[in-house]
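Enquirer:
Protein chains: 4
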Amino acid sequence: MAEQDKKDWQFHLHEIIYESNTKAGKAFDVGLLIAIFTSVIVVMLDSVQSLHGQYGVLFNRLEWIYTIVFTAEYILRLVSIKKPWRYVFSILGLIDLIALIPSYLSIFFAGAQALLVFRALRLLRVFRIFKLGEFLSEINFMTTALKGSVRKISIFLLTVLTLTVILGSIMYLVEKRENGFSNIPESIYWAIVTITTVGYGDISPITPMGKFVASVVMLIGYAIIAVPTGIITHDIAVAARQKKELPESCPNCGREGHDSDALFCKHCGASLLL
Amino acid sequence: MAEQDKKDWQFHLHEIIYESNTKAGKAFDVGLLIAIFTSVIVVMLDSVQSLHGQYGVLFNRLEWIYTIVFTAEYILRLVSIKKPWRYVFSILGLIDLIALIPSYLSIFFAGAQALLVFRALRLLRVFRIFKLGEFLSEINFMTTALKGSVRKISIFLLTVLTLTVILGSIMYLVEKRENGFSNIPESIYWAIVTITTVGYGDISPITPMGKFVASVVMLIGYAIIAVPTGIITHDIAVAARQKKELPESCPNCGREGHDSDALFCKHCGASLLL
Amino acid sequence: MAEQDKKDWQFHLHEIIYESNTKAGKAFDVGLLIAIFTSVIVVMLDSVQSLHGQYGVLFNRLEWIYTIVFTAEYILRLVSIKKPWRYVFSILGLIDLIALIPSYLSIFFAGAQALLVFRALRLLRVFRIFKLGEFLSEINFMTTALKGSVRKISIFLLTVLTLTVILGSIMYLVEKRENGFSNIPESIYWAIVTITTVGYGDISPITPMGKFVASVVMLIGYAIIAVPTGIITHDIAVAARQKKELPESCPNCGREGHDSDALFCKHCGASLLL
Amino acid sequence: MAEQDKKDWQFHLHEIIYESNTKAGKAFDVGLLIAIFTSVIVVMLDSVQSLHGQYGVLFNRLEWIYTIVFTAEYILRLVSIKKPWRYVFSILGLIDLIALIPSYLSIFFAGAQALLVFRALRLLRVFRIFKLGEFLSEINFMTTALKGSVRKISIFLLTVLTLTVILGSIMYLVEKRENGFSNIPESIYWAIVTITTVGYGDISPITPMGKFVASVVMLIGYAIIAVPTGIITHDIAVAARQKKELPESCPNCGREGHDSDALFCKHCGASLLL
């Protein structure tokens, strides 16, 4: 019976922490989101020198409170689930862990102070918000669409990178060291800045020939931006069509994919109107 | 009969102010648009120091004339409608009110001078232009399309913001204070400037490692711009299909999805022209 | 018979100048394109101070040769056509005229020297290249698609302009004169530079609040770029569908718009396979 | 029999070098890719002045090792194929040759040192990666889509170039020499920087009139970016449809356009599985 009690207690905790269809579950999720947001804001403010001087001690204390809260949450997540390892090695579980480590490292290693910045990774936990139901179908829809594009996008990125290496090398030859193109990696950096149309202007061509090459790079960047857009637009359309067709399975043979206005199953000929 | 007269007068005023299918109504709308445009231009010119010195008094007088005109218009709108509160709390009504307030506030509060800038909000009233008939269906079409995208766009924006916080924090770690990345909020600002491909160049990476991280941020920004485009393109296509299909339900069986020029229902064969 | 001769001569000239399906006609078109390109290059080079010093006299002479050539061509176009006024007031005819005027004006008015820059308008004549047949269907296709977008694009541009006026005014309030946002028009210029993701960096926010507002402007610009893209993509698809459907008219009743795999006309029921 | 032996040897070598379905073939491809990547990295590092000072001799030696390796590979490719000229004049063969030449030229000509930069062209050889099977169908799909766009994209680029020449000339007139717009080619460079939304800020308008013209250029650039995107998106959709439809002609009546999962021809009713 103690066993039963423990299970009951575990079940309720699980419902609060992992589900969000009860009132307590929703409150837990909302509270967690607030904790995440405010903790990231504390990290940000602490990096502002003037604020660090004035409120450094307060920020440090808040930071420890957040660390304790998130550690407690992590432990609760472990005990309230049947297969804790599954959670630990899930994507969300790994993010939770990575977001915890920096605070503890900074106690043991003085040099690990820099790692505190990684507390910003806590923000990744914000994606738990999508567990809040309403966004789930949209998320699924978009990840399906993007998965279909991954290969085409990587071909595209490889092509762009090759282009920037070659165009950067040419520019290094054309503009020379004196004009800011100090070496090939620097020139490639310039080519990326230019082809993505970011254009900081920290390095920019000075000779007429350099300006000509730069113009070509810009026009290439302006024209090929269309390629990933076209790919993703197309894959969203494909994903949408598949999503729409899914519920139209034949009542007789169960197969799917009928035109939206078909009257008879094209696989077995049974009426779809039954 | 006086009652009747009042109603008649109210009806005519309503027709002039709220409708635009009579000659007077159209003239009123056009006159209003001119008043809005010129008043915003006066606000702009008044902010130019040299012009303010020379024509400040004139601008001030013009401003008061505009305030009186728009106040009068607002009162007329109130009296010519049966349910004035409905207008007051409609979107267009609220914009009208907000555009009026700054001028009056500046009389009572000396510090409210700054609020004069909000007179530029008058420009929002320009959207009344779309009441001029011809644009209405396009507006409806596009708002329908964009409404369908709101959720997906907000997921996208949240992802981008999370990315900028994390990438900005990493960059703060990599580039340090001395190179312009003075604190995390500043670094996040840099990440937004970079990922949106704006690239002011007021802050830009200096160390090789920083340039490498920046290149990654730029390529991410260059590739993911495709996502909102794909979403909106898809939703415009969906909205267009629905618009085309909606009025075409069969008068016999009620089912939809006929081609726009079909004469007979493809589900039951009944004529669509009845 | 002299009359007949004149007509013959006019007919041949017309064929050479206006058509391009004869050998002479093609040669004329190609020669004209070369003249246009080289004349624009002369205009460009003449604007480079060092080259102007060295070759100014040569450029001036070349310029007069081009002027004579284009004037002769314009006169030939007038005499070889039956209704010269039609040509004069056609779009291509007006461009031809506008490209000629600056050279003549510069003789009579000393101040008109500046107008010489408008000789660059000659480049507009390059679009005659599309008369060269192969591009015609593509041009027609794209202008059809873009015509369908004009209204939606103008609503979009009006919205963007209103946004920039309001965001510019807010930024003027936030950043003040000292930080480069000297007046509202200047701030609007900044807002346009930012929302279009150009980002010169000649004016950029300095205060934290200003950087926050700027970030919002950038994210807006990054997200709404998707709107015109979506519109044009959709209208290209619509134009393509119409183009594809056009040749599928029913052999019996002549009406169009059948599905690509339809066997029978949906208007009159006749077989489409006859 | 020696003849037979030679053929056998040639056949095996061919399999290793040109194919990648054997273990040795895959190892060869992977090894080659690593050699290409590392050799390009050596070229890059050698261009960094401080590294060149320290490791210049090492880089030089590595460079010669790579040259020998790639020369050996080139010779092996020639001897293991039946029609060597076919390989020499294929696109991949020409790239292989161009990537080899600079190293040899630098021995014979002192001035050819600059050509060493062209060793970066070796990176083009990376596209051999796509031979590794899995990407092939995506590559084919995308090149088909882009081929369909070439003409429309070139019309678009010609229009953009004409626009930049004219807008650049106008800006040269408006802003004058003193403000950085030193001559028309420079102004055209500025127009390209602006219309592609790169926006270095090395040249930017200073007069109010110039800022107004610049704003127009930016808005044009912001709006017309949609055009190539629309074109490519559409052509990707068309290519996708053709890819899906092509293999599905009915074995009985030969007509196409069946859904990808249809079992029976919708034109004649014959089974599609025969």
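Protein chains in written order, with the working numbering: chain P, 140 to 413; chain F, 140 to 413; chain G, 140 to 413; chain Z, 140 to 413.
Just so it is clear, CB atoms sit at the ideal spot from N, CA and C, and this is done for glycine as well.
Please read all numbers here as calculations on a predicted model, not as lab measurements.
Take Z:W329 and list the residues in its own chain whose beta-carbon comes closer than 6 angstroms to its own, dropping the five residues that flank it on each side.
Expert: Here the question's residue 329 of chain Z lines up with position 190 in the fourth sequence. I342, listed in sequence order.
Enquirer: Leaving out the 5 sequence neighbours to the left and right, which residues in its chain are closer than 6 angstroms to F:E158 when beta-carbon positions are compared?
Expert: Sequence index remark: in the second sequence, residue 158 of chain F carries index 19 (1-based). If we look at F:E158 and ignore the five residues flanking it on each side, its Cβ neighbours are G164.
Enquirer: With a threshold of 16 other CB atoms inside 10 Å of the CB of G:V181, please say whether the residue is buried or exposed.
Expert: Residue mapping note: residue 181 of chain G aligns to position 42 of the third sequence, counting from 1. Per the 10 Å Cβ criterion, buried.
Enquirer: P:T336 versus chain F: which residues are under 7 angstroms apart at the beta carbon?
Expert: Position 197 of the first sequence, counting from 1, holds the residue named residue 336 of chain P. In chain order: T336.
Enquirer: Could you check whether the Cβ of F:V355 sits closer than 8 angstroms to any Cβ belonging to chain G?
Expert: Here residue 355 of chain F refers to the residue found at position 216 of the second sequence. No, F:V355 lies away from the interface with chain G (no Cβ there is under 8 angstroms from its Cβ).
Enquirer: Report yes if the C-beta distance between F:R200 and F:I156 is below 8 angstroms; otherwise report no.
Expert: Translated into the one-based positions of the second sequence, residue 200 of chain F becomes position 61. Translated into the one-based positions of the second sequence, residue 156 of chain F becomes position 17. Contact flag unset, no.
Enquirer: Quick one: is G:D186 near chain Z, going by C-beta distance under 8 angstroms?
Expert: As a first step, residue 186 of chain G must be located in the third sequence, where it is residue number 47. According to the sequence provided, residue 186 of chain G is Ser. The question's Asp does not apply to it. Yes, G:S186 lies at the interface with chain Z (some Cβ there is under 8 angstroms from its Cβ).
Enquirer: Quick check: the segment 299–311 of chain F against the segment 351–358 of chain F, are there 3 or more CB pairs under 8 angstroms?
Expert: With a cut-off of 8 angstroms, the segment 351–358 of chain F and the segment 299–311 of chain F count as touching, because enough Cβ pairs lie within range.
Enquirer: One question on the structure: do Z:V337 and P:T210 come within less than 8 angstroms of each other, judged by their Cβ atoms?
Expert: Counted from its first residue, the fourth sequence places residue 337 of chain Z at position 198. Counted from its first residue, the first sequence places residue 210 of chain P at position 71. Their beta carbons are not under 8 angstroms apart, which means Z:V337 does not touch P:T210 by this criterion.
Enquirer: Please look up how many angstroms separate the CB atoms of P:A378 and P:A284, rounded, as I've assumed it's under 8 angstroms.
Expert: Mapped onto the first sequence, residue 378 of chain P falls at position 239. Mapped onto the first sequence, residue 284 of chain P falls at position 145. The pair is a contact, with the Cβ atoms about 4 angstroms apart (cut-off 8 angstroms).
Enquirer: Given this structure, state the Cα-to-Cα distance separating P:I234 from P:W203, to the nearest angstrom.
Expert: The count along the first sequence starts at 1 and reaches residue 234 of chain P at position 95. The count along the first sequence starts at 1 and reaches residue 203 of chain P at position 64. For P:I234 and P:W203, the distance between alpha carbons rounds to 19 angstroms.
Enquirer: Do the segment 175–194 of chain Z and the segment 319–329 of chain P meet, that is, are 3 or more Cβ pairs less than 8 angstroms apart?
Expert: Cβ pair count under 8 angstroms is three or more, so yes.
Enquirer: According to the neighbour-count rule (16 or more other Cβ atoms, all chains shown, within 10 Å of its Cβ), is F:S242 buried or exposed?
Expert: By 1-based counting over the second sequence, the position of residue 242 of chain F is 103. Burial call: buried.
Enquirer: Would a check of beta-carbon distances place F:D341 closer than 8 angstroms to chain G?
Expert: Within the second sequence, the letter at position 202 stands for residue 341 of chain F. Yes, F:D341 lies at the interface with chain G (some Cβ there is under 8 angstroms from its Cβ).
Enquirer: Give me the Cα-Cα distance between Z:I375 and P:I278, rounded to the nearest whole angstrom.
Expert: As a first step, residue 375 of chain Z is located in the fourth sequence; it is residue number 236 there, counting from the start. As a first step, residue 278 of chain P is located in the first sequence; it is residue number 139 there, counting from the start. Distance between the alpha carbons of Z:I375 and P:I278: 24 angstroms.
Enquirer: What residues of chain Z sit near F:T301, judged by a beta carbon separation below 8 angstroms?
Expert: Locating residue 301 of chain F in the second sequence gives position 162, counting from the first residue. Ordered by position in chain Z, no residue passes the 8 angstroms Cβ test against F:T301, which lies about 25 angstroms from the chain.
Enquirer: Nearest CA to the CA of F:S308: which residue from F:S293, F:R316, F:I327, F:I371?
Expert: The residue given as residue 308 of chain F occupies position 169 in the second sequence. Out of F:S293, F:R316, F:I327, F:I371, F:I327 has the C-alpha closest to the C-alpha of F:S308.
Enquirer: With H, G and I counted as helix, E and B as strand and the rest as coil, what does DSSP make of G:S308?
Expert: Taking the first residue of the third sequence as position 1, residue 308 of chain G is located at position 169. In the structure shown, G:S308 sits in a helix (DSSP, three-state: H, G or I).
Enquirer: From what residue to what residue does the alpha helix (DSSP H) around Z:A362 run?
Expert: Within the fourth sequence, the letter at position 223 stands for residue 362 of chain Z. It spans 347–363 - the alpha helix (DSSP H) in which Z:A362 sits, taken as one unbroken run.
Enquirer: With a threshold of 16 other CB atoms inside 10 Å of the CB of F:E317, please say whether the residue is buried or exposed.
Expert: To locate residue 317 of chain F, count along the second sequence from 1; it is residue 178. When all chains shown are included, F:E317 counts as exposed.
Enquirer: Just mark F:R261 as buried or exposed, buried being the case when its beta carbon has 16 or more other beta carbons within 10 Å.
Expert: For the purposes of this step, residue 261 of chain F is identified with residue 122 of the second sequence, where counting begins at 1. Flag for F:R261 reads buried.
Enquirer: Give the secondary structure of F:T336 by DSSP, where H, G and I count as helix, E and B as strand, and everything else as coil.
Expert: The sequence position of residue 336 of chain F within the second sequence is 197, counting from 1. Coil at F:T336, not helix or strand.
Enquirer: Would Z:M281 count as contacting chain P if we go by Cβ distances under 8 angstroms?
Expert: Position 142 of the fourth sequence, counting from 1, holds the residue named residue 281 of chain Z. Yes, contact with chain P.
Enquirer: Go ahead and pull the three-state DSSP assignment for F:S343.
Expert: Within the second sequence, the letter at position 204 stands for residue 343 of chain F. Of the three classes helix, strand and coil, the one that applies to F:S343 here is coil, per DSSP.
Enquirer: Write down the C-beta distance between Z:A365 and G:P367 rounded to the nearest angstrom, noting that I regard them as a contact closer than 8 angstroms.
Expert: Residue 365 of chain Z sits at position 226 when you count from the first residue of the fourth sequence. Residue 367 of chain G sits at position 228 when you count from the first residue of the third sequence. About 4 angstroms separates the two Cβ atoms, so the contact holds.
Enquirer: Please check if any C-beta of chain Z sits within less than 8 angstroms of the C-beta of F:T372.
Expert: Along the second sequence, one-based indexing puts residue 372 of chain F at 233. Interface residue, yes.
Enquirer: Z:K291 and G:M183 look like a contact to me (Cβ under 8 angstroms); what is the Cβ gap, rounded to whole Å?
Expert: As a first step, residue 291 of chain Z is located in the fourth sequence; it is residue number 152 there, counting from the start. As a first step, residue 183 of chain G is located in the third sequence; it is residue number 44 there, counting from the start. With a Cβ gap of about 28 angstroms, Z:K291 and G:M183 do not count as contacting.
Enquirer: At the 8 angstroms Cβ level, is Z:I292 part of the contact set with chain P, yes or no?
Expert: Position 153 of the fourth sequence, counting from 1, holds the residue named residue 292 of chain Z. Interface residue, yes.
Enquirer: Just to confirm my understanding: we take G:A238, look at its own chain, exclude 5 residues before and 5 after, and list those with CB closer than 8 angstroms. What are they?
Expert: Translated into positions along the third sequence, residue 238 of chain G becomes position 99. Excluding positions up to five away in sequence, the list reads F209, F257, R258, L260, R261, L263, R264.
Enquirer: Under the assumption that P:Y339 contacts F:G340 (Cβ atoms under 8 angstroms), give the Cβ distance between them as a whole number of angstroms.
Expert: On the first sequence, position 200 is the one that residue 339 of chain P refers to. On the second sequence, position 201 is the one that residue 340 of chain F refers to. So it is a contact: roughly 4 angstroms between Cβ atoms.
Enquirer: In chain order, what residues of the same chain lie with their CB nearer than 7 angstroms to the CB of G:L152, ignoring the 5 residues before and after it?
Expert: The count along the third sequence starts at 1 and reaches residue 152 of chain G at position 13. Around G:L152: L215, S219.
Enquirer: Report yes or no: is there a C-beta of chain Z within less than 8 angstroms of the C-beta of F:T333?
Expert: Residue numbering aside, residue 333 of chain F sits at position 194 when the second sequence is read from its first letter. No, because no Cβ of chain Z sits closer than 8 angstroms to the Cβ of F:T333.
Enquirer: Taking C-beta pairs closer than 9 angstroms, name the residues in chain F that P:A376 reaches, listed in chain order.
Expert: Along the first sequence, read from residue 1 onward, the residue named residue 376 of chain P stands at position 237. The answer, in chain order, is G369, T372, H373, A376.
Enquirer: Using a Cβ-Cβ cut-off of 6 angstroms (strictly less than) and excluding sequence neighbours within five positions of P:V289, which residues of its own chain qualify?
Expert: Taking the first residue of the first sequence as 1, we reach residue 289 of chain P at position 150. So no residue of the chain qualifies.
Enquirer: Cβ of F:L413 less than 8 angstroms from any chain G Cβ?
Expert: As a position in the second sequence, residue 413 of chain F is number 274, starting the count at 1. Since pLDDT at F:L413 reaches only 38, below the 50 mark, its modelled position is unreliable, and the value read off the structure follows with that caveat. No, because no Cβ of chain G sits closer than 8 angstroms to the Cβ of F:L413.
Enquirer: Looking at chain F, is there any beta carbon in it that lies within less than 8 angstroms of the beta carbon of G:L236?
Expert: Locating residue 236 of chain G in the third sequence gives position 97, where the first residue counts as 1. Taking Cβ atoms only, chain F never reaches closer than 8 angstroms to G:L236, which makes this a no.
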